[in-house]
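First the structure, in the form of structure tokens, and then the observations on it.
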DNA sequence: GCCGTTTTCGGCCCGACTGTTTTCAGTCG
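Residue numbers (my numbering): 1 to 571.
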């Protein structure tokens, strides 16, 4: 897929134009386009072949031409020219927190410093103090920023960030100065991984709250401390926590602003302008600076003629238009989930017995569970032989006799072999209630081979679900390169569901891919892939991915009742 | 560089905090 490359080139062009001091809107156009292209599920090459590049929002005639240059010639003239002019090390310098294009350019023009290494030396020897506008405090900030850059702040997984955020909220909510308090930012939008934690408070006096905030024992250091806003580093995970305080009549407007996303905010503020209003974090104001709304998010949306947009949708992916035309989807909720269709047991590499899994499923209010152990070839995970399948099936049959209004489905997570066949013959597969198929080996195959394997698994009449379709494992490996559009087509044509795997490191399909799958008519299964019964509690993470993908309960097969599901499984 | 229910030209979200300089530029979200 060329998208990553195009996005990277556009991002670099944007940075280099900024370093040159070019028009800031031109800089933004490249940056914006980079973000859009990075999010596309369809290969820009295919879009270009259809001649549809300029239909992408943010891509005009000029950028479309540059994309075509990159498709045919791997680069574009502007990029090559800029590279001759601007040392690549300056792009690295821009990634140091606190350093922007102006400062990097100033430093480079005066000292020829073009790497983080050289900058660190110049800062520590106080050579930088000779530059205009740079004094001791700025030098200290640069040294500190380099430290953060070198440690490389990893994104923190959603559940970990929620737990840390919860500690901050719990520590602050009972202060008498605090009225309302809410988590905001990407964590409220339920992104799978976040780079900081945002917390909003309505309260008074603000200074008192800031004072309490920065001296919490869970705070490692204070980065910023103003009258209404402060930024600290938490001890745990070294994650940055931003606190913003407003008066209570502004809480809704501030929550909107602080929840983002940035692109969503820009669109919403533009929409306010179109109505003749101004929207900021204090409220919606008319031409005479009179506040018309701001206490709640709901009243701001209503004033702008929109339905309430759930935080998970606020990514500038068409939600504002949908909110105006009353076409927002009714998003799937955790309470819509009727069962977990992918959990393991002690029969293969799970740590819980089938009975324990079933007990947990009932405790979660489910109607069914599918216990899907690994297949024969996956020796490392104790894949099941024919005899073991028989034994497992007998145990499930016996257990099911005990239950009222609950059912264990006998399933398997069968390996997709290198040639695209499945790891059990058809006569074995058809004995299972449910078959989940997955790639666990040959991950380094070519895009063409991997795509072909998954497509043939979709076509197998006994396969119901493709598990973790892209193989992404946060911190360990990227998604493997497959042609998702071919997979979506096969999944839709052969009525095979694709999984949103709720395991925190996976979350695979991700939101944009699941959204594209839905558009192609593909059904989704949201599963936990639990290897220990407690892990089944992670279902909410997968549901959040589904919500970010605009899924309703009708898109998700495990929102079906048992009878309906059994019928669907007949294919 | 993009875009159009005021527009094919002239706009492009808006404000807090910091550091350095005495009123503001740079960075960030």
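Even for Gly, the Cβ is constructed at its ideal location relative to N, Cα and C.
Remember, it's a predicted structure, so these values are computed and weren't measured experimentally.
Residues near residue i by beta carbon distance below 6 Å, same chain, minus five either side
i           : result
residue 405 : none
residue 322 : 328
residue 418 : 442
residue 229 : 244
residue 222 : 214 and 232
residue 511 : 545, 548 and 549
residue 320 : 267
Cβ shell of residue i (< 8 Å), same chain only, five flanking positions each side left out
i           : result
residue 478 : 472
residue 284 : 253, 272, 277, 278, 291, 292, 293, 294, 300, 303 and 304
residue 132 : 106
residue 452 : 420
residue 263 : 32, 35, 315 and 316
residue 28  : 14
residue 11  : 30, 31 and 34
Simplified DSSP state of residue i, which is helix, strand or coil
i           : result
residue 213 : helix
residue 285 : strand
residue 396 : helix
residue 5   : helix
residue 259 : helix
residue 78  : helix
residue 608 : Residue 608 lies beyond the residue range present for the chain, which begins at 1 and ends at 571; the question has no answer from this structure.
residue 534 : helix
residue 359 : helix
residue 374 : strand
residue 278 : strand
residue 321 : helix
residue 187 : helix
residue 157 : strand
residue 59  : coil
residue 300 : helix
residue 466 : strand
residue 556 : strand
residue 64  : helix
residue 583 : Residue 583 lies beyond the residue range present for the chain, which begins at 1 and ends at 571; the question has no answer from this structure.
residue 541 : helix
residue 71  : helix
residue 49  : helix
residue 432 : coil
residue 354 : helix
residue 447 : helix
residue 119 : helix
Cβ-Cβ separation, residue j to residue i (assumed contact under 8 Å), whole Å
i           : j           : result
residue 482 : residue 447 : 6 Å
residue 385 : residue 423 : With a Cβ gap of about 11 Å, residue 385 and residue 423 do not count as contacting.
residue 372 : residue 392 : That pair is no contact at about 11 Å.
residue 268 : residue 297 : Contact doesn't hold; Cβ gap of about 11 Å is too wide.
residue 197 : residue 187 : 6 Å
residue 368 : residue 565 : 7 Å
residue 352 : residue 532 : 5 Å
Residue i: CB within 7 Å of a non-hydrogen atom of the ligand FMN
i           : result
residue 329 : As for the ligand FMN, it is missing from this structure, which has no ligand bound.
Sequence-distant residues of the same chain with beta carbon closer than 7 Å to residue i, five excluded per side
i           : result
residue 113 : 107, 119 and 122
residue 454 : 416, 439, 466, 469, 482 and 487
residue 60  : 54
residue 571 : 461 and 495
residue 515 : 549 and 550
residue 135 : 129
Residue(s) in a DSSP beta bridge with residue i
i           : result
residue 368 : 339 and 407
residue 240 : 196 and 233
residue 527 : 501
residue 416 : 422
residue 477 : 473
residue 181 : 201
residue 438 : 415
residue 508 : 501
residue 291 : 285
residue 225 : 230
residue 245 : 201
residue 384 : 375
State whether the region 329-343 contacts the region 549-557, with contact taken as three or more CB pairs (one from each stretch) at a distance under 8 Å. yes
Does the region 270-285 come close enough to the region 144-152 that 3 or more CB-CB pairs lie under 8 Å? no
Check whether the region 486-494 and the region 455-467 are in contact - that is, three or more C-beta pairs closer than 8 Å. yes
Below 8 Å, can you find three or more Cβ-Cβ pairs linking the region 41-48 to the region 12-31? no
So does the region 61-73 actually touch the region 90-100, counting three or more Cβ pairs closer than 8 Å? no
Take every Cβ of the region 122-141, pair it with every Cβ of the region 163-173, and state whether three or more of those distances are shorter than 8 Å. no
Segment contact flag, the region 501-509 with the region 530-547, C-beta cutoff 8 Å, min 3 pairs: yes
Contact the region 309-318 vs the region 333-349: 3+ CB pairs below 8 Å: no
Does the structure place the region 30-39 close enough to the region 74-91 that three or more beta carbon pairs sit under 8 Å? no
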